[in-house]
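Single-structure report; data block below.
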Amino acid sequence: MRVLAIPGSLRNDSYNAKLLYNSVELFPEDVVLDLWGGLKDVPPYDEDDDGVDAPAAVTELRDVIARADAVLIATPEYNSSIPGQLKNAFDWVSRPIATNPMRNKPVAVIGASTSAFGGVWAQAELRKVLAALGARVLEVELAVPHAHERFDERGRLTDGNFVEQLTEVVDSVVLAVEERAARLEVTA
Amino acid sequence: MTTTATETPIAPAGTWQLDAVHSQVGFEIAYLSGTFKGQFREFDGKLVADGDEATLEGTVQVASVDVKDENLSAHLQSPDFFDAEQHPALRFTATDISLDGENVNVRGELTIKGATQPTEVTGTVAAPLTDAYGRERIGLTLATTIDRTAFGVDWNIALPTGEPSLADDVTINAELYFVKAA
């Protein structure tokens, strides 16, 4: 099983990247977790630039999503919504909508924010966007508020409650992939 | 499949297979400023009549949903709507069929997106005839209006007024040609 993890923040010391790092040891050993670090290289969406000669970062993102059995996204919240660069990346991924690699793909959205609410609005809007792409958006939530106080110097979550919630998210992702695989096997 | 007595036979005894080429299964739903219509291209059905008893069953392939835009078709097949991957077929199984003249009333169970609800379908039945190739035929024209949200098909998007863009009630229409099995 291969899970693609995408942090929605670009900065080096990103809380959302840390949140994803914390999930590594929670996945079963046979799960490969790919952390995608190419978000900053995705250019602004322009239909004129799409097609067979799509920008390399876009092609890479489409390919890593296609190869993944599930996607786990940790997003910050900018001005009560999805960070522009993350939304922009999924605008690229969405084209063409009928065959985009997110279709039917299990995806979980989590996030950390320095605000008091943990980025719940950005997460809700990202779930809406992913559903519009045809993804199988999992009904799990993890919003880590006051993110600047939640990680130790090694980047580990300091609050056991969040570790527990992250474990539930991870378990849901694994279960969704297993259930989908079983379903497709029956259909085939 | 369930079998129930009918006072008047809906069809001469026998197994009647759906002639899918000439049949149609479609839907209508209020959307924005009008009524949006679509159809399914692949479906199958069977009517079994045995004196007072009759059964009607049919399946519709969600992936065959036919609308004018492939992107809309993709959206209808996604988990937002029918979730074709997880629930590839819609299913109707009649549990009670009654006839009053040419008017037919069918009470059965409709399954959409894995949710099964009792559903009443009404319409008319065309009297049996023999076609130019010697095959016995009957026709059923059926319709029902359901609340799609009862089946978990609850996508919507709000208008600026806050009202939903898409209605909950959807009418399913079926024009069914049956041919008696030899």
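In order, the protein sequences belong to chains F and S. Start counting the first sequence at 4; every next residue gets the next number (my numbering). Start counting the second sequence at 1095; every next residue gets the next number (my numbering). From the three backbone atoms N, C-alpha and C, an ideal C-beta is built for every residue, glycine too. Just so you know, these numbers come straight off a predicted model, no measurement behind them.
Note down the Cα distance separating S:T1097 from S:L1150, rounded to an integer number of angstroms. Bear in mind that the predicted position of S:T1097 carries a pLDDT of just 47, short of 50, making it unreliable; the figure below should be weighed with that in mind. C-alpha separation (whole angstroms): 9 Å.
Helix, strand or coil, according to DSSP, for F:R183 in the structure here? Helix at F:R183.
Taking Cβ-Cβ distances below 8 Å as the criterion, which residues of the region 1259-1270 of chain S are in contact with chain F? Of all residues in the region 1259-1270 of chain S, none has a Cβ within less than 8 Å of some Cβ in chain F.
I'd like the ranges of any beta strand (DSSP E) spanning at least 3 consecutive residues and lying wholly in the region 1104-1167 of chain S. Restricted to the region 1104-1167 of chain S, the beta strand (DSSP E) segments that are unbroken, complete and at least 3 residues in length are 1108-1112, 1118-1125, 1128-1134, 1137-1144, 1147-1155, listed in chain order.
Check S:N1199 in the structure and name its three-state DSSP category. For S:N1199, the three-state secondary structure derived from DSSP is strand.
Give a yes or no on whether the minimum CB-CB distance between F:I100 and chain S is below 7 Å. So, interface residue.
Please classify S:L1223: is it buried, with 16 or more other beta-carbons within 10 angstroms of its beta-carbon, or exposed? By the Cβ-count criterion, S:L1223 is exposed, with fewer than 16 other Cβ atoms from all chains shown falling within 10 Å of its own Cβ.
Could you check what DSSP says for F:R130 in three-state terms: helix, strand or coil? The answer is helix: DSSP assigns F:R130 an H, G or I state.
For a cutoff of 7 Å on Cβ pairs, would you count S:P1248 as touching chain F? First, the amino acid is wrong: residue 1248 of chain S is Asp here, not Pro. S:D1248 does not count as touching chain F.
C-beta neighbour in chain F for S:G1256, strict 7 Å: So no, S:G1256 is outside the interface.
May I ask you to report which of helix, strand or coil DSSP gives S:T1100? Low confidence applies to S:T1100: its pLDDT is 46, below 50, so where it sits in the model is not reliable, and the reading given next is rough at best. The answer is coil: DSSP assigns S:T1100 none of H, G, I, E or B.
Please name the residue in S:P1212, S:D1263, S:F1134, S:G1145 whose C-alpha comes closest to that of S:Y1125. Ranked by Cα distance from S:Y1125, the options S:P1212, S:D1263, S:F1134, S:G1145 are led by S:D1263.
Within its chain, find whatever has a CB closer than 7 Å to the CB of S:D1177; leave out the 5 residues flanking it on each side and keep chain order. If you ignore the 5 residues before and after S:D1177, its C-beta comes within less than 7 Å of the C-beta of K1207, all in its own chain and listed in chain order.
Integer Cβ distance of F:T170 from F:L29, believed to fall under 8 Å: Taking 8 Å as the upper bound for CB-CB distance, F:T170 and F:L29 are in contact here, some 5 Å apart.
If you check the beta carbons only, do S:R1229 and S:V1200 fall under 7 Å apart? The criterion of a C-beta distance shorter than 7 Å is not satisfied by S:R1229 and S:V1200.
So the candidates are F:N103, F:V140, F:K131; which of them puts its Cα closest to the Cα of F:G54? Closest option to F:G54, Cα to Cα, is F:N103.
Do you know how far the Cα of S:I1191 is from the Cα of S:Q1111? Rounded to the nearest whole angstrom, the CA to CA distance from S:Q1111 to S:I1191 is 17 Å.
Which listed residue (F:P46, F:L89, F:R186) has its alpha carbon closest to that of F:A8: Considering only F:P46, F:L89, F:R186, the residue with the shortest C-alpha distance to F:A8 is F:L89.
Please report whether the beta-carbon of S:A1288 lies at a distance below 7 Å from any beta-carbon of chain F. Residue 1288 of chain S lies beyond the stretch modelled for chain S, which goes from 1095 to 1276, so this question has no answer here.
Counting Cβ pairs, one atom from each stretch, are 3 or more of them under 8 Å apart for the region 153-170 of chain F and the region 122-137 of chain F? Cβ pair count under 8 Å is below three, so no.
Assuming F:V35 contacts F:L64 under a Cβ cut-off of 8 Å, what Cβ separation, rounded to an integer in Å, is found between them? By a beta-carbon distance limit of 8 Å, F:V35 does not contact F:L64. Their separation comes to about 17 Å.
Does the distance from the CB of S:W1249 to the CB of S:D1163 come in under 7 Å? No.
Using the three-state DSSP reduction, which class does F:R70 fall into: helix, strand or coil? In the structure shown, F:R70 falls within a helical segment according to DSSP collapsed to helix, strand and coil.
Going straight from the alpha carbon of S:Y1271 to that of F:P99, what length do you get? If you take the alpha carbons of S:Y1271 and F:P99, they lie about 37 Å apart.
If the cut-off is 7 Å on Cβ atoms, which residues from the region 69-83 of chain F count as contacting chain S, listed in chain order? Against chain S - using a Cβ distance shorter than 7 Å - the region 69-83 of chain F contributes no residues.
Based on Cα-Cα distance, which residue from F:V110, F:E142, F:V173 lies nearest to F:A71? Nearest option by C-alpha distance: F:V110.
Is S:D1174 close to chain F, meaning its C-beta is less than 7 Å from at least one C-beta of that chain? Chain F contact via Cβ: present.
Excluding sequence positions up to five away, which residues of its chain have a Cβ less than 7 Å from the Cβ of S:R1135? Cβ-Cβ distances below 7 Å link S:R1135 to S1158, D1160 in the same chain, with the five nearest sequence neighbours on each side left out; the list follows chain order.
Applying a beta-carbon distance threshold of less than 7 Å, which residues of chain F neighbour S:Q1180? Proximity of chain F to S:Q1180 at the Cβ level (cut-off 7 Å) is accounted for by R186, in chain order.
Going along chain S, which residues have a C-beta under 9 Å from F:A198? Residue 198 of chain F lies beyond the stretch modelled for chain F, which goes from 4 to 191, so this question has no answer here.
If I measure Cβ to Cβ from S:A1099 and keep anything under 6 Å in the same chain, skipping five residues before and after, which residues do I get? Annotation note: pLDDT 44 at S:A1099 (below 50); position unreliable, coordinate value reported separately. Here the set comprises D1146, E1147.
Just grab the DSSP bridge partners of S:T1265 for me. Residue pairing from DSSP places S:T1265 in a beta bridge opposite S:E1122, S:T1239.
Along chain S, in chain order, which residues have C-beta atoms closer than 8 Å to that of F:R137? In the sequence as presented, Arg is not what sits at residue 137 of chain F; that position holds Gly. Under the 8 Å cutoff, chain S gives A1168, H1169, Q1171, S1172, P1173, D1174.
If contact means a Cβ-Cβ distance below 7 Å, which residues of the region 100-120 of chain F contact chain S? Within the region 100-120 of chain F, the residues whose Cβ lies closer than 7 Å to some Cβ of chain S are I100, A101, R106, N107, listed in chain order.
Which stretch, first to last residue, makes up the alpha helix (DSSP H) that contains F:D94? Boundaries of the alpha helix (DSSP H) around F:D94: 87-96.
F:M4 to F:A179, Cα distance in whole Å? Those two C-alpha atoms are separated by around 11 Å.
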